[in-house]
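Down below is the structure, laid out as structure tokens.
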Amino acid sequence: MRVKRYVVDSMPDALQKIRADLGKDAVILNTKEIRSGGFLGLFGKKKIEVIAATDSGGQKQPAPSPTVPLRQAAAVPATPSFVSQMQEALIHGGMKEAAPASASVAMLDTPILPPVVPPVSQAVQQAGRHQAREDILLDEIKQMKEMFAKLATGVQLAAKYPEPVAKFEKQLLDQGISADIVERLLLQATEQFESETSPKTEPFAYEAVKQQLKAILHNPNRKGIAEDTRIAHFVGPTGVGKTTTIAKLAAEQVLKYNRKVGFITSDTYRIAAVEQLKTYATILNIPLEVVFSPQELARAYEQLKHCDVIFMDTAGRNFRNQMYVSELNSLLQTKGRSETYLVLSLTSKYSDMKAITENFAKFQLDQVIFTKFDETDSYGSIINLLYDFPLQLSYLTNGQNVPEDISLTEEDRLAELLLEERS
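In my numbering, each residue carries its 1-based index in the sequence shown increased by 5.
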């Protein structure tokens with residue numbers, strides 16, 4: 006068997022050369038376009054590579070009908086030895102290259118076999134295997150980098166805190182406590198943990214962190230409305246539940262402590278707010294005074310002079326409005342023992358809470374009440390606010406029911422909630 010490779014400008018050139026070199030019984034095994042010449046494979050001229058073969062010892066094939074077009078001619082069966090010889094020649098490169106030449110169009114007198122797809126070369130197979138190995142290696146390198154990053158983080162944490170303490174870092178961050186506060190909490194807990202002479206167990210680390218949280222939550226003076234308080238002001242943004250909170254506290258003073266309570270509302274911007282407080286006043290048999298300006302406060306105080314304590318509801322308008330802030334400042338200028346409570350919702354973002362507190366801080370805030378405790382499981386904002394501002398934590402509200410859904414803060418329970426693992 007003879008196999009030859011031709012690089013020509015066109016198929017007619019190839020056919021002419023094949024017939025001249027290999028005879029009319031030659032068959033074309035494969036054709037493909039290639040580029041020849043140029044620089045580094047660029048700007049080369051398009052050529053056609055043709056691989057042809059002839060079986061000099063094969064059986065003579067019957068001539069096909071002349072009416073069958075050349076490209077649709079049926080394949081001529083080849084002997085097994087012929088096929089194997091051609092494959093062997095293709096695999097091992099036993100081909101001779103003919104010099105390219107230009108010639109006129111010529112056709113073979115006998116049909117040719119359709120192109121035979123050669124087996125995948127060993128080079129292609131090896132390239133595929135190399136690529137697969139590279140992909141596996143890259144994946145392993147990526148996994149190793151991730152593992153080293155985790156190890157590095159673990160080493161950094163271990164350098165700051167012992168392992169039983171370090172495990173609480175993610176938990177506190179997930180609760181929304183700011184990173185710098187978490188760091189200080191855990192460093193202080195570490196000092197307490199390391200100073201212990203007894204076995205340093207995980208439960209002891211838990212207690213050390215819990216004690217640091219309770220230290221921030223602790224109200225050293227008192228909780229709730231003092232007995233000698235004459236006026237309690239309630240300020241805060243709109244929608245946090247000030248009016249409902251006032252009603253709950255008033256019910257507590259009336260039903261639990263048997264005190265005479267009076268209401269003053271300056272929230273005349275919302276008709277519904279006045280009507281809501283009127284409803285609570287009627288139910289609890291509490292007198293209510295509505296003031297439209299700071300000048301009317303003297304009259305309201307005179308009307309309520311027989312009351313033990315007066316609760317003042319202020320409008321929950323835009324705290325960024327300086328006119329509102331000035332008006333509110335005038336309303337809070339009172340005689341006698343007074344307290345000012347900031348009311349915030351736990352469903353708010355801490356950045357908003359902080360901005361609100363900074364605006365109301367000029368009113369000498371005393372304590373803070375957090376509402377909607379039942380509508381979230383993230384309590385880190387409480388720690389952030391008490392850490393950033395000189396406020397005392399007072400009440401938490403956890404529903405709309407009056408007077409049940411309000412309670413003084415239990416520091417121990419709140420610290421435990423902050424340390425609970427979240428699902």
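Beta carbons: idealized from backbone N, C-alpha and C, even for Gly.
Option nearest residue i by Cα separation, candidates the options
i    : options                : result
Q369 : Y346, A171, F375, I388 : Y346
K377 : N389, V348, I53        : V348
L190 : P169, Q216, T206       : Q216
I56  : G42, S41, A31          : A31
K265 : I236, K283, D379, D60  : I236
L390 : L20, I221, E168        : I221
Y306 : I269, K22, G133        : I269
D26  : R40, D313, T59         : T59
T414 : H223, K283, L192, F316 : H223
K429 : R24, E196, V407        : With the chain running from 6 to 428 in the structure shown, residue 429 is simply not present.
Q405 : Q281, T362, R134       : Q281
R342 : N364, A231, I361       : A231
N429 : L142, E344, F394, R24  : This structure leaves residue 429 out entirely; the chain is present only between 6 and 428.
D434 : K29, E426, E212, I186  : Absent from the model: residue 434. The displayed extent of the chain is 6 to 428, so no value can be given.
E168 : R134, K37, P208, I186  : P208
S271 : V187, K310, H311, A320 : A320
Y392 : D18, I186, I23, E139   : I186
E426 : L34, N35, L177, K29    : L177
E38  : R24, G28, Y11, V295    : Y11
F375 : L309, V314, G229, G133 : G229
V314 : V295, G267, V170, E344 : G267
V259 : V214, L289, K367       : L289
Backbone secondary structure at residue i - three-state DSSP
i    : result
E38  : strand
V214 : helix
I291 : coil
A433 : Residue 433 lies beyond the stretch modelled for the chain, which goes from 6 to 428, so this question has no answer here.
P262 : Note that residue 262 is Tyr in the sequence shown, not Pro. Reduced to three states, the DSSP call for Y262 is coil.
Q369 : coil
K52  : strand
Y384 : coil
K310 : coil
R24  : helix
T345 : strand
Q405 : coil
G229 : coil
I182 : coil
H430 : The requested residue 430 is not part of the displayed model; the chain covers only 6 to 428.
K150 : helix
G244 : coil
F209 : helix
P395 : coil
E426 : coil
K172 : coil
S200 : helix
P299 : helix
P167 : coil
S15  : coil
Backbone CA spacing between residue i and residue j [nearest angstrom]
i    : j    : result
S412 : E257 : 10 Å
M149 : I182 : 31 Å
K247 : D179 : 28 Å
D233 : S200 : 43 Å
V13  : I53  : 5 Å
S383 : D357 : 15 Å
R7   : M16  : 20 Å
K261 : A286 : 17 Å
L398 : V373 : 5 Å
N263 : N226 : 23 Å
D318 : L419 : 28 Å
R40  : K51  : 5 Å
Q136 : K147 : 16 Å
D410 : K283 : 20 Å
N403 : F316 : 21 Å
E174 : P408 : 37 Å
L20  : E145 : 53 Å
A157 : L424 : Any reading at A157 must be qualified, since the residue scores a pLDDT of 49, below 50, and its modelled position is unreliable; no value is offered.
L192 : L422 : 21 Å
S386 : I141 : 46 Å
C312 : L401 : 26 Å
Residue(s) in a DSSP beta bridge with residue i
i    : result
M317 : H238, I269
T376 : S350
Y400 : L413
V32  : A58
Closer than 8 Å to chain C by CB, residue i
i   : result
P17 : As a matter of chain content, chain C is missing from the structure shown, which is built from one protein chain.
Residue i beta carbon near the ligand GDP (any heavy atom closer than 7 Å)
i    : result
L351 : This structure lacks the ligand GDP, and indeed carries no ligand of any kind.
Q: Flag this pair as touching only if the stretch 240 to 249 and the stretch 353 to 370 have three or more C-beta atom pairs under 8 Å; answer yes or no.
A: yes
Q: Determine contact between the stretch 249 to 263 and the stretch 293 to 311, defined as no fewer than three beta-carbon pairs at a distance below 8 Å.
A: no
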